[in-house]
Amino acid sequence: MFPTLTLEISPQIPAKLGRLPELANNLFFSWHRPTRALFEELSPALWGQVRGNPRQLLRCIDQEALDTAAADPGYCARYAEVLEVFDEYVNAPPPAGAPLVAYFCAEYGFNHGFPIYSGGLGILAGDHCKAASDERLNFVGIGLLYGQGYFTQVVDSDGVQHAEYKDHDPRDLPVEPVRNAEGTWLTVTVPIAGRQVVTRLWRAAIGRISVILLDTNCPENSPADRDITHRLYGGDDAMRIRQEMVLGIGGVRALRAIGREPAVWHMNEGHAAFLVLERLREEIARGLDPDVALEAVAAQCAFTTHTPVAAGHDAFHHELLLVHFGDFIRELGLPIDRFLALGAAPTNGGMFNMTRLALNGSRHVNGVSRLHGQVSARLCADHWREVRPDDNPVGYVTNGIHVPTFLHQKWAEYFDEVAGPQWRERLSDAAFWKVLERVSDRAFWSSGQTVKSDMLGCVRERLRREFVRKGQSAAQWRHVAKMLDPARPDILTIGFARRFATYKRASLIMRDRARLARIVNNPERPVVFLFAGKAHPADQPGQAVLREIKQVSLQPEFIGKIVFLEDYDIQLARWLVSGCDIWLNNPIAPLEASGTSGIKAAVNGRLNLSVLDGWWAEAFDGHNGWGIPPVDVQDPGRRDALEAELILDTIEEEASPLYYSRGEGGCPHDWVQRSKRAMMTVIPAFNMRRTVADYAKGIYGPAA
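The opening position of the sequence shown corresponds to residue 1364 in the working numbering, with each subsequent residue numbered one higher.
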């Protein structure tokens, strides 16, 4: 028997198109549509198969397709235009003397083909980096390069979620090894539980900025240590503490290895708080007294908390912490009790709390919406017992979204037509966006319906592939997808898509199924609900909610009216937020720190129907969607029943009649007025460029 040999034939990039790999390796393509179009045009079929991954496309494409493109004057002209824009963009440096900001986060959601994110925290971090690039900040990100990332979700006919993991080939990811002047791959070591764990460095380019990603899958490490950066949020507390040591301690050492000297250290959530300990070690090694060293570190550090639930903050048993930090504590030179006090929470003895470490190690603390800032101030009030919660240092910077990433292309073209291309530079100019008051309702409605048709077509095809993969019949698929007809985008479609944490109450509207059935089956005003979302593999209550939704969707009165779409990711999110008429959100207030999916929907002219929590508590003005006031009762069951009734009332008595009240040409003028209002109020106030500008002025500047 002869061994099986695998032969891989790599295409050669024609000289005329020699910079295609460079374009594929900068995530600028994730928000610049003409760049993406260059790759899609090479082979639309392959582009779909690789799920919009340009590096993988270039590795798999037929040589003939590349040669044909190189011989096509039109393609070469478009290629040249993209390069001109790209070069002008990436070569614009930050202002002279701008302080370097180092941004640490455990996950980043840049693009669905780069799966190192799980949900909203990662998408927010990715958008923050993109806007930092747009705003020409002197900025570098730090994260982990996960070998598998987060899981792929498969949901069976009983509604049981199955988590599937697969290894990703670095050749298909937009990353490159970080090398020194001699060409050697840079590594740093992190002391973990008595051993030195080797961590290699990768660089991802996001427009003008870089994100350095750490990876322990190195031959020098034991199999257990190679697995540290294997799965995002995988494993037990021991695995979590190791990941966070690599992120925080390794991240600081990575920046030193590449010669960067940050003036500001931004911890985006508590996962990164071990950077405080490494910075403290550095300052003590320079000869500073520990108290002085801590103050010097804290003055440069900023901490953003995203979790309004006490149980959601990472905490490790002292025994586990001491096992992992033994050598580090000795090098630090602090008594053990003094070390443990850095992460002590008065109400949680015996645990080292990462939020408390971040609070002790920073002088700039913020929540991610006005309401969340108030909640966080109360949650952390015992950290500053000498002042009232309203007077403690916790502030807020309300989240935004990266508009170029999530605005549908049709709307971008529409804005070019009615407002001129300058709209891209005037995102935060509220007066500018009043131009939408003067545009034709029918033209606005027509653009929105085109976007919705595109969404319905994409969702329908995604469902078809799911049914084929599961061996289900075409007849079954048609039955489920019967209301998702791109040729009939005039059926009221409501979307609910997000992480299936229990406080988000994904199944809330299903408390009164008889009324829900009446709403969706109204012959004159039908309604379709699209659900998507993942529950963490260890979150059994969240998975139970998912099962309930899936099982309800299979009941005869709801088939085709309630549809669950599996494996929620950035691509599916972009379709849904741009095309669903209403974006539903019903968290238990005030547990939604901010939420950003609803911002993406409003930017695309869709209407939020949401409990007044997070960002929506700031954005709702009575005319740009619907706000559900939280019910003030103590009993959770009664609260849920009352709020579910309010939501169904709003859908049946307000939203649905408004949507189906059609004028000339089928245009619902009153609905369109609300949609315009949503765009006009949300785009200028909740775009990520505004958010990053707030950080730069209110936090980065003072910290530097």
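For each residue, glycine too, the CB sits at the ideal point set by N, CA and C.
### Message
I'd like the ranges of any alpha helix (DSSP H) spanning at least 4 consecutive residues and lying wholly in the segment 1480-1505.
### Response
1483-1497
### Task
Quick one: measure Cβ to Cβ for P1457 and R1414, integer angstroms, because I've assumed they're closer than 8 Å.
Walking along the sequence shown from the start, residue 1457 turns up at place 94. Walking along the sequence shown from the start, residue 1414 turns up at place 51. In fact, because the Cβ distance is near 33 Å, the residues do not count as touching under 8 Å.
### Task
Can you check the segment 1623-1691 for any alpha helix (DSSP H) of at least 4 residues that lies completely inside it and give the ranges in chain order?
1637-1648, 1653-1663
### Query
Residues in its own chain within less than 6 Å of A1844 by CB, not counting five upstream and five downstream?
What you label residue 1844 is simply residue 481 of the sequence shown in a count that begins at 1. Result list for A1844: R1823, L1826, in chain order.
#### Entry: Length-filtered (4 minimum) alpha helix (DSSP H) runs lying within the segment 1808-1866
1837-1843
### Query
Is it right to say D1792 is buried, meaning 16 or more other beta carbons lie within 10 angstroms of its own, or is it exposed?
On the sequence shown, position 429 is the one that residue 1792 refers to. D1792 should be labelled exposed.
#### Entry: P1950 burial status per 10 Å Cβ neighbour count (16 or more: buried)
The count along the sequence shown starts at 1 and reaches residue 1950 at position 587. When all chains shown are included, P1950 counts as buried.
### Residue range of the alpha helix (DSSP H) that includes M1717
One-based indexing of the sequence shown puts residue 1717 at position 354. M1717 -> alpha helix (DSSP H) spans 1717-1723.
### Message
Quick check: what's the CA-CA separation for I1671 versus V1553?
### Response
Here residue 1671 is taken as the residue at index 308 of the sequence shown, counted from 1. Here residue 1553 is taken as the residue at index 190 of the sequence shown, counted from 1. First, the residue type needs correcting, since residue 1671 is Pro and not Ile in the sequence shown. Distance between the alpha carbons of P1671 and V1553: 31 Å.
### Task
Count the other CB atoms, across all protein chains shown, that sit within 10 Å of the CB of K1797; report buried if there are 16 or more and exposed otherwise.
Counting from 1 along the sequence shown, the entry for residue 1797 is found at position 434. Exposed is the call here.
### Task
State buried or exposed for E2006, treating a residue as buried only when at least 16 other CB atoms are found within 10 Å of its CB.
In the sequence shown, the residue the question calls residue 2006 occupies position 643. Result: buried.
### Query
Three or more beta-carbon pairs under 8 Å between the segment 1950-1966 and the segment 2010-2027, yes or no?
no
### Query
Using 8 Å as the threshold, is the segment 1904-1922 in touch with the segment 1527-1544, meaning 3 or more CB pairs across them?
no
#### Entry: Nearest candidate by alpha-carbon position, reference F1691, set G1713, M1717, L1643, H1676
Here residue 1691 refers to the residue found at position 328 of the sequence shown. Of the listed residues, the one whose Cα sits closest to F1691 is L1643.
#### Entry: Residue closest to L1847, alpha-carbon to alpha-carbon, out of K1833, R1832, M1818
Locating residue 1847 in the sequence shown gives position 484, counting from the first residue. L1847 has its Cα closest to that of M1818, out of K1833, R1832, M1818.
### Message
According to DSSP, is L1970 part of a helix, a strand, or is it coil?
### Response
Locating residue 1970 in the sequence shown gives position 607, where the first residue counts as 1. If DSSP states are grouped into helix, strand and coil, L1970 belongs with the strands.
### Message
Cutting at 6 Å between CB atoms, please list the residues of its own chain near K2039, excluding the five before and the five after it.
### Response
Position 676 of the sequence shown, counted from the start, is the residue given in the question as residue 2039. So the qualifying residues of the chain are L1799.
### Message
With three or more C-beta pairs closer than 8 Å as the rule, is the segment 1677-1694 touching the segment 1596-1611?
### Response
yes
### Query
When the Cα atoms are used, what is the spatial distance from L2021 to N1971?
The residue given as residue 2021 occupies position 658 in the sequence shown. The residue given as residue 1971 occupies position 608 in the sequence shown. Taking the straight line joining both Cα atoms gives about 14 Å.
### Query
For L1734 versus V1766, is the C-beta distance shorter than 9 Å?
The sequence position of residue 1734 within the sequence shown is 371, counting from 1. The sequence position of residue 1766 within the sequence shown is 403, counting from 1. Going by C-beta atoms, L1734 is not nearer than 9 Å to V1766.
### Task
Determine which residues share a DSSP beta bridge with I1555 and list them.
By one-based count along the sequence shown, residue 1555 stands at place 192. Looking at the DSSP assignment, I1555 forms a beta bridge with R1558.
### Task
Go ahead and label Q1516 buried or exposed: buried means 16 or more other beta carbons lie within 10 angstroms of its beta carbon, across all protein chains shown.
Start at 1 with the first residue of the sequence shown, and residue 1516 comes out as number 153. Q1516 comes out buried.
### Query
What is the DSSP secondary structure of Q1375, reduced to helix, strand or coil?
Numbered from 1 along the sequence shown, position 12 holds the residue referred to as residue 1375. Correct three-state label for Q1375: coil.
### Query
When you compare only the Cα positions, how much space is there between Q1785 and W1808?
For the purposes of this step, residue 1785 is identified with residue 422 of the sequence shown, where counting begins at 1. For the purposes of this step, residue 1808 is identified with residue 445 of the sequence shown, where counting begins at 1. So the two alpha carbons sit approximately 23 Å from each other.
### Query
Considering only residues of the same chain and omitting the five flanking positions on each side of G1482, which have a CB-CB separation below 6 Å?
Working through the sequence shown from its first residue, we reach residue 1482 at position 119. Within the same chain, G1482 has close Cβ partners R1862.
### Message
Please identify the residue among E1694, G2061, D1521, N1755 whose C-alpha is closest to the C-alpha of R1910.
### Response
Here the question's residue 1910 lines up with position 547 in the sequence shown. The residue with the shortest Cα to Cα distance from R1910 is D1521.
### Task
Determine the DSSP secondary structure at R2025, reduced to helix, strand or coil.
Taking the first residue of the sequence shown as 1, we reach residue 2025 at position 662. DSSP places R2025 in coil when its eight states are reduced to three.
### Message
To the nearest angstrom, how far is the alpha carbon of D1599 from that of G1506?
### Response
Here residue 1599 refers to the residue found at position 236 of the sequence shown. Here residue 1506 refers to the residue found at position 143 of the sequence shown. Rounded to the nearest angstrom, the two C-alpha atoms are 20 Å apart.
### Task
Name the residue from S2019, A1744, D1425 whose alpha carbon lies nearest to the alpha carbon of L1879.
As a first step, residue 1879 must be located in the sequence shown, where it is residue number 516. Among S2019, A1744, D1425, the Cα nearest to that of L1879 belongs to S2019.
### Message
Using the three-state DSSP reduction, which class does F1467 fall into: helix, strand or coil?
### Response
On the sequence shown, residue 1467 is found 104 positions in, with the first residue counted as 1. In the structure shown, F1467 sits in a strand (DSSP, three-state: E or B).
### Task
Kindly indicate which residue of A1775, V1781, G1783, R1726 has the alpha-carbon position closest to the one of G1758.
Numbered from 1 along the sequence shown, position 395 holds the residue referred to as residue 1758. Ranking A1775, V1781, G1783, R1726 by Cα distance to G1758 puts R1726 first.
#### Entry: When W1979, L1405, A1936 are compared against S1957, the one with the closest alpha-carbon
Along the sequence shown, one-based indexing puts residue 1957 at 594. The shortest C-alpha separation from S1957 is found at W1979.
### Reduced DSSP category for L1564 - H, G, I as helix; E, B as strand; rest coil
Working through the sequence shown from its first residue, we reach residue 1564 at position 201. Of the three classes helix, strand and coil, the one that applies to L1564 here is strand, per DSSP.
### Task
Leaving out five residues on either side along the sequence, give the residues of the same chain with a beta carbon under 8 Å from the beta carbon of L1975.
Locating residue 1975 in the sequence shown gives position 612, counting from the first residue. If we look at L1975 and ignore the five residues flanking it on each side, its Cβ neighbours are A1952, F1983, G1990, I1991, P1992, P1993.
### Message
Suppose contacts are defined by Cβ-Cβ distances below 9 Å. Is V1551 in contact with R1616 by that definition?
### Response
Residue 1551 sits at position 188 when you count from the first residue of the sequence shown. Residue 1616 sits at position 253 when you count from the first residue of the sequence shown. A contact, by the Cβ cut-off of 9 Å.
### Task
Check whether the segment 1434-1447 touches the segment 1488-1497, taking contact to mean three or more Cβ pairs, one atom from each stretch, closer than 8 Å.
no
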